[in-house]
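Notes for the one structure printed next.
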Ligand code: ADE
């Protein structure tokens, strides 16, 4: 079965957006994955088609109603085998390993939150797993959903031209990516590092590895620590 993202949103027109161009867009056109954007408002029942209401207990903003969102989820009829996600800044952080897990499955149902939040009861009743794309607050879940889908789609079989480009890159080994260079040989007085034009393949690999490790140590001590530092060397040299 084709990998499919089913998105529940109040703004279905903004899809596919950036997912309709470049790598993801070509793969979408080729049928390597499917995207369905569904309007939550289609499940509204009153004549104003309202989907939100004031928070119980008071406070600012509006809350997405449990009954309307539950009806929208049920109408999407995605079955039990697909993960059900709610994009939310209080969710589990999106990482490359979660992306890989989602890409390996049938594809998620993704609810995009808006307003101050979503009624807690629908999160529980429909078993929604909250996922965050970072410690900042977006005005809605749509951009977060697009980020998640884009990261998954590029891992789908046949999407990336050169399979190798998925192996070397940032995070696949818990390391940031090494610096890249291309022509010209010299740019504003800065030459390409000698080793990269030496033809010494083992030397290139060692240089890239060392650069990736140095970058990770300097910029992402959290990632470096999570992989236990450089295996086989003393951790006292880190920092
Ligand atoms: N909705 C609003 N902010 C978000 C975030 N940081 N991640 C996921 N969904 C969001």
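In our numbering, the protein residues as written are 1461 to 1699. Virtual Cβ for every residue (Gly too), placed ideally from N, Cα, C.
- The alpha-carbon of residue 1588 is positioned some 37 Å away from that of residue 1638.
- In this structure, residue 1608 places its C-beta atom within 8 Å of the C-beta atom of residue 1570.
- The DSSP-derived three-state label of residue 1554 is coil.
- The C-beta separation of residue 1641 from residue 1655 comes to about 11 Å, leaving the pair out of contact by the 8 Å criterion.
- Distance from the CA atom of residue 1461 to the CA atom of residue 1468, rounded to whole angstroms, is 21 Å.
- The Cβ neighbour count for residue 1489, taken over all protein chains shown within 10 Å, is under 16; the residue is labelled exposed.
- If you draw a straight line from the Cα of residue 1577 to the Cα of residue 1669, it comes to about 43 Å.
- Taking C-beta atoms as the reference points, residue 1568 and residue 1549 fail to come closer than 8 Å.
- For residue 1464, same chain residues with a beta-carbon under 6 Å away, outside a window of 5 residues either side, are 1494, 1567 in chain order.
- Nearest neighbour of residue 1533 by Cα position, chosen from 1518, 1513, 1499, 1520, turns out to be 1499.
- Secondary structure within the stretch 1535 to 1588: the beta strand (DSSP E) runs of 3 or more consecutive residues, fully enclosed, are 1544 to 1553, 1569 to 1572 (chain order).
- Remark: C-beta atoms of residue 1503 and residue 1526 do not approach each other more closely than 8 Å.
- Shown here, residue 1516 sits in coil according to DSSP, grouped into three states, outside any helix or strand.
- A direct Cα-to-Cα measurement between residue 1508 and residue 1674 gives close to 57 Å.
- Sequence-distant partners of residue 1583 (beyond 5 residues in either direction) whose C-beta falls short of 8 Å from its own C-beta, in its chain, are 1546, 1590.
- Taking a contact as a CB-CB distance under 8 Å, the pair residue 1594 and residue 1572 does not count as one, their CB atoms being some 16 Å apart.
- Sequence-distant Cβ neighbours of residue 1483 in its own chain, meaning closer than 8 Å and more than five residues away, are 1613, 1614, 1619, 1620.
- Residue 1496: member of the beta strand (DSSP E) spanning 1493 to 1499, first to last residue.
- The DSSP-derived three-state label of residue 1671 is helix.
- Within a 10 Å sphere around the beta-carbon of residue 1581 sit fewer than 16 other beta-carbons, which makes this residue exposed.
- Scanning its chain for C-beta atoms nearer than 7 Å, with the 5 sequence neighbours on each side dropped, one finds around residue 1631 the residues 1556, in chain order.
- The alpha carbon of residue 1563 has as its nearest neighbour, out of 1635, 1611, 1644, 1516, the alpha carbon of 1611.
- When the beta-carbon positions are compared, residue 1479 and residue 1616 stay at least 8 Å from each other.
- For residue 1586 and residue 1551, the gap between their C-alpha atoms comes out near 16 Å.
- From the listed residues 1485, 1558, 1501, the smallest Cα separation to residue 1471 is found for 1501.
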